[in-house]
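Have a look at the structure below before the remarks.
Protein chains in written order, with the working numbering: chain A, 63 to 385; chain B, 1344 to 1669.
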């Protein structure tokens, strides 16, 4: 399938934005110490988020995990509200309550990013049921890592989604590491997609560093799901270029391996392809890069100038009316 | 008004809410064709079809997580755990997501769901099938924890739970399921969550209980009256969390004495919270230390010893006498 030039442009733009956003976070968190606590980045995995979200409609829902910045930005989240939230500021998308790990963005139909590994899987199946129940054409995408595929909830969720043929896409972002465990150290299957046969549902493996390939595979799975054909397990093979979190020294990841995968950078790959095909000029590329840098600078300025939430707000929204 | 068991009253609540609101769906293990292990969902699948009364696979964590997804998308799921002792697989979803999404999203997402669990002893079942661990849920901010004590309040509270915009864990005392019948009105009746109820007036001592142990508490109050002329006031908590401490602390400011009764293990049980609230709100009115009559800090024993584990009227009366003799 031919991927339209404007889709490639959309994916490149969101990958550049994510990279610039997270490069800034890395400095703010690790070097300047302005954001305390944990920081989990998706550097090198941007094509999964951008490819998947480029194939979705606005009304589609995504349920994400701890490595969520790319997913949310690709789905269209406002970088300013996201950055302010990561700072813990009142102007953040969750008014400074969720921080980097538990972001929820109603505007882009992303109600839950959970750090409990595998925890989002059954929730996505429920949302998909509700979409079908209401006879809507929307679908739900659950994004999770290879480690989550070892959790019991993975089995419960795929079994149920297949049994009831629900409009859900299970997107496994296999970045070859679950914490400090390499893929072969935590499972004997050659590929997570092999597990699809057990439910059964289509299991598809795609190059997770190739945004147009991810887009194409997602588009196909989305069409199947939206037309009553049930779920797909889509495994995107990619690589975690940074540690599990920014405090992780990555001593267990071979340096040559990291270097090799950095050469396979999904952004460089798409840029090169677009330049070669003549659908992007060097000047346009420079402008895209500059735009994303500016958007991030603006987001950081917005976050830093925003007020902190009032302490009393911590007691709000525990229940529907405060007790 | 028809005389109904708690099982029938709960069934009526579900059927009427499903009739009124097509967002209400029921799901769980064998809740459809089989009508539920205790028959609470009996006949619903015939009336409302398999899309609204879903027989799920055996997957408690999946059922709870799935229900959260339904609720996030605007449905009103009522899911059943076959026994409360099997609900701990679901606890992770309830505490990590159901209880937190409103807070995290600053009120922009909410999870209006009900997790129904039969709980408690007195039916000669083993371990997981007899325990009373409501404190686990009550200890989780963001969850509401409700336990009815009879058919009529069970119906009214379940209706309120289904309509509540927050996640409600709803424990049903299986010892009461078919133990007695009560008049339950056909027309709509709700009882507010977060409110306790005075069920017997008295001036000498306040007895505070809920769920299955309300009956032995009332039996003790009656015998104390008949035999010794002691007038015990009895309060049914109905909601464990958020706890209504106004009614019972007001009562104790009047009587000066209190006994808390539950079958949950003693340490860190709901009784401990009630006593703390009394210390905070009625300390200067207390004439005697507050007593607790509870289960013990052990796994609930097998059927031949079960009745000694569960609070019964004699144990409650003994505690009341000690309180009065202090």
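Virtual Cβ for every residue (Gly too), placed ideally from N, Cα, C.
{"Item": "Could you check the C-alpha separation between residue 396/A and residue 204/A for me, to the nearest Å?", "Value": "With chain A running from 63 to 385 in the structure shown, residue 396/A is simply not present."}
{"Item": "Can you give me, in chain order, the residues of the region 1499-1532 of chain B that have a beta carbon less than 7 Å from any beta carbon in chain A?", "Value": "1508 and 1509"}
{"Item": "If we ignore side chains and look at the alpha-carbon of each, how far apart do residue 1434/B and residue 1483/B end up?", "Value": "10 Å"}
{"Item": "Among the residues of its own chain, which have a CB less than 7 Å from the CB of residue 1507/B, if the five just before and after it don't count?", "Value": "1455, 1487 and 1536"}
{"Item": "What residues from chain A crowd round residue 1453/B, counting only those whose CB sits closer than 8 Å?", "Value": "382"}
{"Item": "Along chain B, which residues have their Cβ under 7 Å away from the Cβ of residue 379/A?", "Value": "1445, 1446, 1449 and 1450"}
{"Item": "Pop quiz: residue 1545/B and residue 1575/B are said to be a contact at Cβ under 8 Å. What is the actual Cβ separation, rounded to whole angstroms?", "Value": "5 Å"}
{"Item": "If you check the beta carbons only, do residue 1520/B and residue 1384/B fall under 8 Å apart?", "Value": "no"}
{"Item": "Given a threshold of 16 other Cβ atoms within 10 Å of its Cβ, counted over all protein chains shown, does residue 226/A qualify as buried or as exposed?", "Value": "buried"}
{"Item": "Does DSSP put residue 186/A in a helix, in a strand, or in coil?", "Value": "helix"}
{"Item": "When you check each C-beta in the region 214-234 of chain A against every C-beta of chain B, which residues fall closer than 9 Å?", "Value": "214, 215, 217, 218, 219, 221, 222, 225 and 226"}
{"Item": "Which word fits residue 363/A, buried or exposed, when buried means at least 16 other C-beta atoms lie within 10 angstroms of its C-beta?", "Value": "exposed"}
{"Item": "For residue 1504/B, which option in 1378/B, 1397/B, 1581/B and 1541/B has the closest C-alpha, if you only look at C-alpha atoms?", "Value": "1581/B"}
{"Item": "To test your reading of the DSSP string, which unbroken alpha helix (DSSP H) runs of 4 or more residues are found completely within the region 278-347 of chain A?", "Value": "317-325 and 328-339"}
{"Item": "Could I get the ranges of all uninterrupted alpha helix (DSSP H) runs contained in the region 1618-1659 of chain B, with 4 residues as the minimum, in chain order?", "Value": "1646-1652"}
{"Item": "So, is residue 217/A buried or exposed, given that buried needs 16 or more other C-beta atoms within 10 angstroms?", "Value": "buried"}
{"Item": "How close, in whole Å, do the beta carbons of residue 1555/B and residue 1465/B come, if the pair is a contact with beta carbons under 8 Å?", "Value": "6 Å"}
{"Item": "Would you call the region 1441-1459 of chain B in contact with the region 1398-1405 of chain B, where contact means no fewer than 3 C-beta pairs closer than 8 Å?", "Value": "no"}
{"Item": "Check whether the Cβ of residue 1431/B lies closer than 8 Å to any Cβ atom in chain A.", "Value": "no"}
{"Item": "Quick one: which residues of the region 1401-1414 of chain B get their C-beta closer than 7 Å to a C-beta of chain A? List them in chain order.", "Value": "1402, 1404, 1405, 1408, 1409, 1410, 1411, 1412 and 1413"}
{"Item": "What are the start and end residues of the beta strand (DSSP E) that includes residue 1528/B?", "Value": "Residue 1528/B -> no beta strand (DSSP E), and no H or E assigned at all."}
{"Item": "Rounded to the nearest angstrom, what separates residue 353/A and residue 75/A at their Cα positions?", "Value": "9 Å"}
{"Item": "Answer with yes or no whether the minimum CB distance from residue 324/A to chain B is below 8 Å.", "Value": "no"}
{"Item": "For residue 176/A, go through chain B and note every residue whose CB falls closer than 8 Å to its CB, in chain order.", "Value": "1439 and 1440"}
{"Item": "Mind pulling the chain B residues with CB within less than 7 Å of residue 157/A?", "Value": "1449"}
{"Item": "Tell me whether residue 85/A sits in a helix, a strand or coil according to DSSP, three-state version.", "Value": "helix"}
{"Item": "Which residues in the same chain have their Cβ closer than 6 Å to the Cβ of residue 1557/B, if we skip the five residues on either side of it in sequence?", "Value": "1492 and 1579"}
{"Item": "Is residue 137/A helix, strand or coil by DSSP?", "Value": "helix"}
{"Item": "Residue 167/A: buried (16+ other C-beta within 10 angstroms of its C-beta) or exposed?", "Value": "buried"}
{"Item": "Taking a contact to mean a Cβ-Cβ separation below 8 Å, would you say residue 242/A touches residue 301/A in this structure?", "Value": "no"}
{"Item": "Kindly list, in the order they appear in chain B, the residues whose Cβ is closer than 8 Å to that of residue 254/A.", "Value": "The premise fails here: residue 254/A is roughly 19 Å from chain B at the closest Cβ pair, so nothing lies under 8 Å."}
{"Item": "Go ahead and pull the three-state DSSP assignment for residue 120/A.", "Value": "coil"}
{"Item": "Quick one: Cα of residue 1498/B to Cα of residue 1627/B, how far?", "Value": "38 Å"}
{"Item": "From what residue to what residue does the alpha helix (DSSP H) around residue 65/A run?", "Value": "Taken as a continuous stretch (DSSP letters only), residue 65/A belongs to no alpha helix (DSSP H), as it is neither H nor E."}
{"Item": "For residue 1365/B, which of helix, strand or coil comes out of DSSP?", "Value": "coil"}
{"Item": "Tell me which residues share the same chain as residue 1352/B and place their Cβ nearer than 7 Å to its Cβ, disregarding the 5 neighbours each side in the sequence.", "Value": "1494, 1495, 1497, 1498 and 1527"}
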